[in-house]
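These notes are about the structure you will find just below.
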Amino acid sequence: MYVLGLSFYYHDSSAALIQDGKVVAAAEEERFSRIKHDSGFPGLAIDFCLKRAGITLQDVDLVVFYEKPIVKLERILTTAFATFPKSWAVFRESMHTWLTKKLWIKDLLKKRLGVKAGKIVFADHHMSHAASSYYTSPYDHAAILTVDGAGEWTTATLGVGKGNRIKIVKEMRFPHSIGLLYSAFTAYCGFEVNEGEYKLMGMAPFGEPKYVDRIMKMIKVGEDGSLWHDMSHFSYHWSPTTTLSEKFHQVMGRPPRDRKHEDKSLDPFYCDVAASIQKVTEEILLKMATYLHRETGLKKLCIAGGVGLNCVANHIVLRGAPFDEIYLHPACGDDGGAVGAAMWGYHEVLGQEKKAPALDHAYLGSEYGHAEIETFLKQNDIKYELIEDDDKFYTRAAEELQAGKVGGWFRGRFEWGPRALGARSIIADPGRKDMKENVNAKIKFREAFRPFAPSVIHDKAAEFFDIEDPAKHYPYRFMLYVAPVHEHKKQYLDSITHVDGTARLQTVYEETNPGYYQMIKRFGEGSGYPVVLNTSFNLKGEPIVEDPSHAFNTFSLSGMDVLFLQNFIVQKEAKKILKRTKFALRHDGDTVTEMLS
Amino acid sequence: MSGAIRNRGRLAERGGALGVLLGWVMTLGLLGLALEGIFRLAGLKPVVTINAPDPDFGWSKRKGESTRKSTSEFDVTFAINALGLRDDADLTRGKPAGTRRVLVLGDSFVLGYTVDRHDHFVDLVETAFAADGGPERGAIEVLNGGTEGWSTDQELLWLRKEGFSFAPDVVVACFFQNDVWWNGQASYAGTPKPRLQPDGTVEPIVGAMPPPRSWFATRSAIGGLLDNLSIGMKHGAAMAHREGGLTMEKDQVVALKNPPTAVADCWARTEACLKELKKSCDEKGTKLLFLAIPTREEVEPGARDAWCKAVGATQEMVDPVSPAQKALALATKHGIATVDPQPALAEAAKAGAKVYFEKDWHVNPEGSRVLAKELHRALAGDAFLATGASAKGDAAIDASAAPAKSARWPWVLLLVWIVLGSLYARTNRDEPLVAAFLQVGTMVAAATGIVLGFTALIGALGPTVGRWAGIGLIGGFVLWLLVKMANKLSIIREVYFAFLRRGHWYMIPLLVAMLSIGGLLVVASSSPFIAPFIYTLF
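In order, the protein sequences belong to chains A and B.
For the first sequence, our numbering begins at 890 and goes up steadily by one.
For the second sequence, our numbering begins at 39 and goes up steadily by one.
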């Protein structure tokens, strides 16, 4: 039984296909279309999913869209109505999108997919989130917490998953939202909404949470983590161009940070603001989780929604909330809604049992075999070295890193979700003092203050990081937790240790990514630390690479030293520009309002 | 629990009963408005009437009432003064000293159903007398005693009860051929009316008076249509003549050479009316002038053929002596002075002037001027007011023509062009300004051409066929929209009913506007010509 889940017309369109409750394939459209944060119809991603499963659309039993457009339209119209005439401009802009695209999603699905209306269903946005986490988790009975900016009306839910059913027990509604609050501060600190939240998170350790009291003047937080915004401080519910009102600036004491300074300076004030909103977010999540535990008495928790990408807050919940285990889906954001929608359709609509094994890896994308890569290299007259023996190849790759080279790692199926997890990664030796600056300046061209993440083989993780029993903590596999770096190991992990002494690590398993595991293991044997610096295989503004040509092109356009395409090795001397691609973000910058419509 | 977290179960997926009810009320209201708009677009306008049931005359004009009647041919406002006449507001019942009065009786021709007062022959006659000059002759007031739908019998009874109270020196009885038929009837489209027996005695009204037409019927196209349908269903058979391949209004049968036998009785009663008119005027010492207004078929070349074709008759079936000529002969027979404007109207028509409207069967301002001159000339004669018609009078009649209204549509189009052009240029900043305005101008011109083309086409089809063609055209367009949007309709329905169910009655108008625009956008997007404009302008 096949169910196709779709998420589009918002950031990161995606498609996911499940077969008998197991995710067969899942991918964001941007990987194929090469448009960062592509929000269009995920036709290429759908084609990939079907091809991967070896089926056609006629074999699909159900198509599930990840949210309910009509209910979302209700929210938008109601909000515009309530704030009219101030909301006129935002109403006009959002209606343009709605009247030309979003309103007709069902019709579009019928036409593009050629399926009958009866096969198309719509899941509630937060139900999709909840389903993405619970149904792919290893639990049969768990509490569920979903938190994001806004779905249709809902901004956070508390629920319970039991067997093949999910029950949403409580919810928080727009405009009161942790996600929106965090995005509002993202804008205030000079970063792009929907793009810069993780930069704000990375900036937070550089400051002190001095302004929590000021933030608390604008919101009220209940003991259950419920949130109430004093909307006089915000303008995202009626303005198309601004997120915050003048009153917000007055309360915070300074005007917003100029976006032009994005990566050029770290003003202590804004670092303190970042630290403060991070702390508020952590406290709210912790209260919600604690309340949820008190209400349900359950020991296991599934988290989903865009806020679930805040790995620092996740770690606080892990440490502070009385849950034994937490599961997060690798794609916590709206892209993950595609898997969630499909899972919901399979279990709730088709009434199937939850019996598939937990999703313990994120390698759900496309892959390219030996022949395809060799053909590509030969056709483009690219000089390469092939090491057919895997053991020798892993050893050679590890040696290259030990030699101080920065390499592009392209192997197996690409990752589902925003993180590069050793299938499409740029890797380097994390022990070198200059490696962070080197990778930042020559390859990633990104903000200097942002840390890189480490990949560590799971059986050695506890030696370097302060974590217990990593195997039962799935989020570590998906780089969704941070963990303190052991003090005595920091000397080896300079490039991946953040200013607060933590790292956003990924635990690597031989069962799920054998090549990456073996390479890191050999690197550890040589260096003394089985940890590599891992960052996504892309340039700034570019989607993560999907096929060998993307990989080679990005390699050629960057300062990388070596490219590992499966067992093929290409040295920097062989670089050539196949395509002078200029990558740019899809837009110059969102407002929270755009995020909502 | 503080804050905003709420129990999921408490969240109403359905609106309250009141909200849902209000939503349905709003829905029905909007549906009504949409239908009203479609009907009006199709030319089905509200019933315009200033008449109210009257126990003495069947119906009469409401005092103080004012109504605007607008069609593709004319746009007329007629205001009834406090005395119940379409005349000056300061007119007094008592005749001022030194003033002589002419009271004109008649039906819609005299009321001035299709012309404004400055174009109306009744008022133009007064203007002509004023222009004739000579204060020594004193002022001459010409009063409008016309009422839509009246026949000679009702005019006579009103003259006796009301008309003579204005102390007219001359009464002008205006005749039109349909008077003959209705003089013979005891009701008009279900409304009872008085009539005269052939011996001149008054036959009182029989039956209950109908209630006045409702606000809904007189102010809305839907109401008017329903009212007309209701009347048609009740009295349609009484209004139409279908026999021997002829299809015409019953009051037109008087023009046939061999009319139904009932027409003889109609003529007998008409003759009685004329005799009684003469008698009443003589009793009051008032002079009587009989004016027979001809039909278009008697005036305009080719009009007779067209009429015959429309009703299924041949020229041979039409009596060569028209009802107007017969009426004039009858009036003469009973010693009533007459005036026959037919030759003057025919001459004007022969000279190329249009003296009747195309769709409406009344005279137009040009025809009204011809009538005014003929009547003025007759009244100025020694037999009546003996003022002696001067050339100034005719000149005044010609000069009273209202300055031609400058057409507004070119300015509207210009405004549309500027606004749309500016929007387009603003949206497409990379395009040269001139090119942007040229493109939008082309679009506006094309749209205008299409509208004008269809209007001309419908106009060429004649009033009846044109109306149905208009309805068909609009219906066809709606059908085309529905076909183009076939796949979207289920979504529109789903969205609409979701809002209805959830009690958002106050957003229904907004939603309807949005869904309509959305639907049109979808349709427009399928047209490579329109889509770029729609999207950029939107």
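Heads up, the beta-carbon is just placed ideally off N, CA and C, and yes, glycines get one too.
Quick caveat: nothing in here was measured; it's all calculated off a predicted structure.
Chain-ordered neighbours of residue i on chain B, where CB pairs are closer than 8 angstroms
i	result
A:GLU963	ALA536, PHE537, ARG540, HIS542
A:LEU1394	Ordered by position in chain B, no residue passes the 8 angstroms Cβ test against A:LEU1394, which lies about 33 angstroms from the chain.
Nearest candidate by alpha-carbon position, reference residue i, set the options
i	options	result
B:LEU476	B:ALA293, B:GLY459, B:ASP468	B:GLY459
B:ASN119	B:PHE112, B:SER110, B:LEU129	B:LEU129
B:CYS311	B:LEU368, B:HIS542, B:MET277	B:LEU368
B:ASN221	B:THR115, B:ARG233, B:ILE435	B:ARG233
A:PHE1444	A:GLY1430, A:VAL1459, A:LEU1174, A:PRO1432	A:VAL1459
A:GLU956	A:VAL1328, A:LYS1168, A:LYS1378, A:ILE1009	A:ILE1009
A:LYS1099	A:CYS1160, A:ASP909, A:GLY1052	A:CYS1160
B:GLY323	B:VAL503, B:ARG198, B:GLY75	B:ARG198
A:ASP1249	A:SER1022, A:ALA1012, A:GLU918, A:SER1255	A:SER1022
A:MET1092	A:GLY1417, A:MET984, A:LEU1266, A:CYS1078	A:CYS1078
A:GLU917	A:VAL1169, A:TRP1305, A:TYR1398	A:TRP1305
A:THR1130	A:GLY1415, A:GLU982, A:ALA1045, A:VAL892	A:GLU982
A:GLY1068	A:ASN1456, A:ASN1053, A:GLY1003, A:GLY1085	A:GLY1085
A:LYS1429	A:LEU1446, A:TYR1381, A:ASP1355	A:LEU1446
A:VAL952	A:LYS990, A:ILE1276, A:GLY1229	A:GLY1229
B:ARG531	A:ILE959, A:LEU939, A:THR945, A:GLU919	A:ILE959
A:ASP1389	A:TYR1257, A:PRO1094, A:MET1324, A:MET1061	A:PRO1094
A:THR1179	A:ASP1450, A:LEU1034, A:ASP1358	A:LEU1034
B:ALA562	B:TRP518, B:HIS542, B:LEU538	B:TRP518
A:GLU1462	A:SER1425, A:LEU1394, A:ILE1271, A:VAL1328	A:ILE1271
Cα-Cα separation between residue i and residue j, rounded to whole angstroms
i	j	result
A:SER928	A:PHE1212	36 angstroms
A:VAL1196	B:TRP447	58 angstroms
B:ARG48	B:LEU461	In this prediction, B:ARG48 scores a pLDDT of 38, lower than 50, which makes its location untrustworthy; no coordinate-derived value is stated.
A:MET1408	A:GLY1301	14 angstroms
B:ARG334	B:GLU287	15 angstroms
A:ASP1477	B:GLU111	The predicted position of A:ASP1477 is uncertain, since its pLDDT is 46 and thus under 50; no value can be drawn from it.
B:GLN353	B:SER406	28 angstroms
A:ARG1475	A:ILE1215	For A:ARG1475, the predicted model reports a pLDDT of 40, less than 50, meaning its position is unreliable; a value from the coordinates is still stated below. Taking the straight line joining both Cα atoms gives about 34 angstroms.
A:ARG941	A:LEU893	13 angstroms
A:GLN1139	A:LYS1109	18 angstroms
B:TYR151	B:THR185	9 angstroms
A:TYR1125	A:VAL912	36 angstroms
A:GLY1186	A:ALA1032	9 angstroms
A:PRO1364	A:GLU1041	27 angstroms
B:PRO206	B:ARG139	5 angstroms
A:GLU1135	A:GLN1167	22 angstroms
A:ASP950	A:ALA934	18 angstroms
Expected contact under 8 angstroms - CB spacing of residue i and residue j to nearest Å
i	j	result
A:ILE907	A:MET1232	6 angstroms
A:CYS1191	A:GLY1050	7 angstroms
B:THR105	B:VAL86	5 angstroms
B:PHE204	B:LEU141	6 angstroms
A:PHE1453	A:PHE1265	So it is not a contact: roughly 14 angstroms between Cβ atoms.
Cross-chain neighbours of residue i in chain A, by beta carbon under 8 angstroms
i	result
B:ASN525	ASP996, LYS999, LYS1000
B:VAL533	ILE959, LEU962, LEU992
Cross-chain neighbours of residue i in chain B, by beta carbon under 7 angstroms
i	result
A:MET1141	Going along chain B, no residue has its Cβ under 7 angstroms from A:MET1141, so there is no contact; the nearest lies around 22 angstroms.
A:MET984	MET552
Chain-ordered neighbours of residue i on chain A, where CB pairs are closer than 7 angstroms
i	result
B:ILE76	Within 7 angstroms Cβ-Cβ: nothing; B:ILE76 doesn't reach chain A, min ~23 angstroms.
Proximal chain B residues relative to residue i, where beta-carbon distance stays under 9 angstroms
i	result
A:TRP993	ASN525, LYS526, ILE529, GLY556, VAL560
A:PHE970	HIS542, TYR544, MET545, LEU548
A:LEU966	PHE537, HIS542, MET545, LEU548, LEU549, MET552
Beta bridge counterpart(s) of residue i as assigned by DSSP
i	result
A:ARG1054	A:LYS1051
A:TYR891	A:GLN908, A:VAL949
A:VAL1374	A:PHE1354
B:GLY144	B:GLY184
B:ASP432	None; B:ASP432 has no bridge partner.
A:LEU1175	Answer by DSSP bridge pairing: none, since A:LEU1175 is not bridged.
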